[in-house]
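Let me begin by presenting the structure, written as structure tokens, before commenting on it.
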Amino acid sequence: MTSSIDATPLSVDHWSDITPIRRGPKARISVAIARQIFFKGTSRLGISVSTDGSPADLRLIRPDEFFARLGQDGLIGFGEAYMTGAWEADDLGGTLTVLCNEIGDLVPMWMQRLRAVYVSRPPRRQRNSAKNTRKNIAHHYDLSNDLFGLFLDSTMSYSSAMFDTDSVTTGQHTLMSAPVVGSDLVAAQGRKIESILDAAGVTAGTRVLEIGTGWGELAIRAARRGATVRSVTLSSEQQALARARFADAVAAEGLRADAVQVDLLDYRAVEGQYDAVVSVEMIEAVGYEYLDSYFRTIDAVLAPGGKVAIQAITMPHERMLATRRTWTWIHKYIFPGGFLPSTELLDEVTRKNTALRLEHRTTFGSHYAETLRQWDTAFRAAHEQVLDLGFDETFERLWHFYLEYSRAGFASGYIDVQQLTFTREES
1 MTSSIDATPL SVDHWSDITP IRRGPKARIS VAIARQIFFK GTSRLGISVS TDGSPADLRL
61 IRPDEFFARL GQDGLIGFGE AYMTGAWEAD DLGGTLTVLC NEIGDLVPMW MQRLRAVYVS
121 RPPRRQRNSA KNTRKNIAHH YDLSNDLFGL FLDSTMSYSS AMFDTDSVTT GQHTLMSAPV
181 VGSDLVAAQG RKIESILDAA GVTAGTRVLE IGTGWGELAI RAARRGATVR SVTLSSEQQA
241 LARARFADAV AAEGLRADAV QVDLLDYRAV EGQYDAVVSV EMIEAVGYEY LDSYFRTIDA
301 VLAPGGKVAI QAITMPHERM LATRRTWTWI HKYIFPGGFL PSTELLDEVT RKNTALRLEH
361 RTTFGSHYAE TLRQWDTAFR AAHEQVLDLG FDETFERLWH FYLEYSRAGF ASGYIDVQQL
421 TFTREES
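Residue numbers for the sequence shown follow the UniProt record's numbering, so the first one is 1 and each next one is one higher.
So this is what it looks like as structure tokens:
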């Protein structure tokens, strides 16, 4: 998708979620404060800004709209202003990374102390109760299998890859070094899945529960090892394609036809006994209030001697505590009900509610930054195909912003990704 300096707003009439710009004395005060904070912050960070279309790191195409949205809705307004074309950045990911690196210092301390008063709170309808979770999942994952196929690699893996890099292990923690830009994504996605299966001890005869199916690649690879897999998902689109992909694998590779079962089922309803429980970047959709239920379910179905391997996007503990009740642009447009836990929280929840104990974790946030970079490159290259699927330019800008916004989070260390292995502390 090419950048534009056209000052004409995109047609967003049917995007009812985009907040209308408010007018009046309070709005004018908010705009004045937003201007001051924005220009002071970008100047300090060395981000060049233009308001006349001239070259700069960040170009304000319609400054009045930009500051109105920033003033009334903060970072949600910042994202919505990009969606409507009110600002541009040729290197969107680079600019957002610089902002992410200093996000804690951009807002004056007196405004940070007022966080509890002025920040938006998550709507109750987005809480991940058994009643709401299906709708939250469908909001994102049921958009279109064809859409995801335009930018994901052939494994259809929609989670961080694990590239072939050096690592350092200290005690129970392994830290992986940054990958080379342009490294093989298909091989790295396979490496990620095999790492999860290895951590969970999946071999011939293993009974595996997968929480969050994705599009079936992990289940297929587990079946190749001779395991029997039950995979549960709340996305009907993912269930359909995962089943089709497994059927193709049965026909092409001679896998057992009953090796993989993909059910449309909430994780809380799972019963039975499993030697291994695996879950790749599904825990972010559980929600703070339901982490205890999530781990109690896993503990209840894990057979004696079994292992749990989870890939999770995490956040530093203090930042998680400060932001866990905040409603963000990502919540509004991408992942309603989403919540990123800290390692400390996962350890605390499992110790308080289960016999599960964190045994090892591998951290590789820089790998997610590279994964997202490759996804966004592929997405932008598929411009015409995205339009052919019925999506508009506003959606393209939303998706481009989402991918680069996320990449900036990992590149700056604001968030991270980890593979965590749990075992049960037998009495």
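Beta carbons are placed, not taken as given, at the ideal position from N, Cα and C, and that holds for glycine.
For the pair I415 and A312, the Cα-to-Cα distance works out to about 11 Å. A direct Cα-Cα distance of roughly 12 Å separates V181 from T377. Within the same chain, Cβ atoms closer than 6 Å to the Cβ of T165 are found at M176, S177 and P179, the five residues on either side in sequence being excluded.
Taking a contact to require three or more Cβ pairs closer than 8 Å, the stretch 310–327 and the stretch 250–265 do not qualify as touching. In this structure A242 is buried. Its beta-carbon is surrounded by 16 or more other beta-carbon atoms within 10 angstroms. Taking the CA atoms as reference points, T170 sits about 39 Å from L150.
In this structure G85 is buried. Its beta-carbon is surrounded by 16 or more other beta-carbon atoms within 10 angstroms. Per DSSP, the unbroken beta strand (DSSP E) holding L175 starts and ends at H173 to M176. Here R23 is exposed, its C-beta having fewer than 16 other C-beta atoms within 10 Å.
When the beta-carbon positions are compared, D146 and L185 stay at least 8 Å from each other. Taking every protein chain shown into account, the CB of I334 has 16 or more other CB atoms within 10 angstroms, so this residue is buried. Boundaries of the alpha helix (DSSP H) around V349: T343 to N353.
Around V349, the same chain offers L291, D292 and F295 as residues with beta carbons nearer than 7 Å, after the five sequence neighbours per side are excluded. 8 Å or more divides the Cβ of I76 from the Cβ of L58.
The residue among L358, R325 and R44 with its C-alpha nearest the C-alpha of V308 is L358. Within the model, the alpha-carbon separation for T354 versus A269 is close to 18 Å. Taking every protein chain shown into account, the CB of H367 has 16 or more other CB atoms within 10 angstroms, so this residue is buried. Of the residues assessed, P304 falls on the exposed side of the cut-off, its CB having fewer than 16 other CB atoms within 10 angstroms. Going by C-alpha positions, G216 is about 18 Å away from Y274. Spatial neighbours of A161 in its own chain (CB-CB distance under 7 Å, excluding positions within 5 residues in sequence) are listed in chain order as L185, A188, Q189, K192, H367 and T371.
When rounded, the separation of the alpha-carbon atoms in T343 and F379 is 32 Å. Bridge pairing for V386: absent [DSSP].
Counting only runs of at least 3 residues, the stretch 264–302 fully encloses the following beta strand (DSSP E) elements, listed from N- to C-terminal order: 274–280. One alpha carbon belongs to F38, the other to Y267, and they sit about 44 Å apart. Measuring C-alpha to C-alpha distances from L264 to each of R230, V202, Q385 and I283 identifies R230 as the nearest. For A204, the secondary structure class from DSSP, reduced to helix, strand or coil, is coil.
In the DSSP secondary-structure assignment, F422 is bridged to V308 and L358.
Excluding sequence positions up to five before and after G71, its CB lies within less than 6 Å of the CB of S30, V31 and A34, all in the same chain and listed in chain order. Taking C-beta atoms as the reference points, V202 and R224 fail to come closer than 8 Å. The beta carbon of A204 sits closer than 8 Å to those of R225, G226 and A227, all from its chain and outside the five residues before and after it, given in chain order.
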